[in-house]
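Chemist: Would you mind keeping the following structure in view while I ask a few things?
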Ligand SMILES: Cc1ncc(COP(=O)(O)O)c(C=O)c1O
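In our numbering, the protein residues as written are 1 to 366.
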């Protein structure tokens, strides 16, 4: 699904020199590379403030705390996402309530969100925030979801772990809503050589609180609140800076592969449907098929890897047993769980490898 070796070749020269520079200066934590990366990420995403942190899960929980969510509050999240979206809520003592997704985009459905908020309010609960996800690199419906949040006075956060590089109407993922968190896990569009994450916001207050929480609650030399240790290593920042330098070239290639997939697989599987005005980063290329498991077997027999993510969405996982869901249930989430299949989509695929994936899908008769 990924070829880290080929990417490494593209990163040299420069990668080893960047790592060696950190070994030489020895400021492994909070070194100059971290500030440099934060500035570069702010410029790239088009946001005023970037706070680097240890991983994407931390980014989400720190942002929740930074917008004032605490124990007992309800946070509305999709169930069709990586478990970390809901985990971040539970880890700060809040309650995740699961919302359905739109059938076309796999992203949070504004109607289901409105119903879930009404349900929680009617039961005397305290809504604290909404956390939508840019699932599979497609931007969430920021306008519709943002309108629901505004109507209820709720902070609107985005889990942008899967969408760094995606644009909507010319603006980059990370620059929408009140704040967004992303992940630099190796398989992400901007992946490091280990764990890492970042928080993006236009709001100086959110940025300041996030920075304090991520660094043991330290403000002006004192521990003003109970924080945590969520710092990005200088070494990781150096690697990410090098990766950011070739990121746009990688995006061009990812997008051309996605265009070839769409042209070559149309009619055979249900293709991803990016919202009007969006240009996804295609860190994931997810199709749907009623015969998903047979398709995956057919592909594997032809040396084409694939992954059926979220076969058991979060609300069906033992760790979240008994969690509340939107009143209409999560029918579209279930459709995706039964039919989605993620195909290889990385910028170092050769044209022959792309053709091999398309031919294998075309040759499926299930
Ligand atoms: C949607 C989503 N949210 C959150 C995360 C968590 O990121 P991390 O693994 O860096 O903690 C991931 C990826 O792992 C993800 O895909």
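C-beta: ideal position from N, C-alpha, C; glycine also.
Using beta-carbon positions only, say whether residue 161 and residue 183 come within less than 8 Å of one another.
Modeler: Yes.
Chemist: So, residue 51 versus residue 211, is the Cβ gap smaller than 8 Å?
Modeler: Yes. Within cutoff.
Chemist: Identify every residue that forms a DSSP beta bridge with residue 95.
Modeler: BP columns for residue 95 point to 74.
Chemist: Where do the ends of the beta strand (DSSP E) carrying residue 285 lie?
Modeler: Counting along the chain, the beta strand (DSSP E) containing residue 285 begins and ends at 285-288.
Chemist: Which of helix, strand or coil does DSSP assign to residue 130?
Modeler: The answer is strand: DSSP assigns residue 130 an E or B state.
Chemist: When the Cα of residue 39 is compared with those of 238, 95, 11, 219, which residue comes out closest?
Modeler: Ranking the options by Cα distance to residue 39, first place goes to 238.
Chemist: In terms of residues, what are the limits of the beta strand (DSSP E) holding residue 200?
Modeler: It spans 197-201 - the beta strand (DSSP E) in which residue 200 sits, taken as one unbroken run.
Chemist: Using only alpha-carbon positions, find the residue among 235, 169, 174, 33 that is nearest to residue 195.
Modeler: Taking only the C-alpha atoms, the option nearest residue 195 is 235.
Chemist: Would you check whether ligand 1 has a heavy atom nearer than 7 Å to the C-beta of residue 183?
Modeler: Correct: residue 183 has its Cβ closer than 7 Å to ligand 1.
Chemist: Where DSSP assigns a beta bridge to residue 278, which residues make up the other side?
Modeler: According to DSSP, which records beta bridges pairwise, residue 278 is partnered with 168.
Chemist: Check whether the stretch 105-118 and the stretch 319-329 are in contact - that is, three or more C-beta pairs closer than 8 Å.
Modeler: Contact between the stretch 105-118 and the stretch 319-329 is present, because at least three Cβ pairs lie under 8 Å.
Chemist: Compute the Euclidean distance between the alpha carbons of residue 138 and residue 190, then round it to the nearest angstrom.
Modeler: Using only the alpha carbons, I get a separation of about 15 Å.
Chemist: Between the beta-carbon of residue 98 and the beta-carbon of residue 330, is there less than 8 Å?
Modeler: Yes, these two residues count as a Cβ contact at 8 Å.
Chemist: Around the C-beta of residue 349, are 16 or more other C-beta atoms found within 10 angstroms, so that it is buried, or is it exposed?
Modeler: Buried, by the Cβ-count rule.
Chemist: Would you call the CB atoms of residue 85 and residue 131 closer than 8 Å?
Modeler: For residue 85 and residue 131, yes; Cβs fall inside 8 Å.
Chemist: Could you tell me if the beta carbon of residue 56 falls within a distance shorter than 7 Å of some heavy atom in ligand 1?
Modeler: Indeed, a heavy atom of ligand 1 lies less than 7 Å from the Cβ.
Chemist: Could you tell me which residues DSSP pairs with residue 378 in its beta bridges?
Modeler: The question about residue 378 has no answer, for the chain in this structure spans 1 to 366.
Chemist: Using the Cβ count rule (16 or more neighbours within 10 Å means buried), how would you classify residue 95?
Modeler: Per the 10 Å Cβ criterion, buried.
Chemist: What is the DSSP secondary structure of residue 56, counted as helix, strand or coil?
Modeler: In the structure shown, residue 56 sits in a helix (DSSP, three-state: H, G or I).
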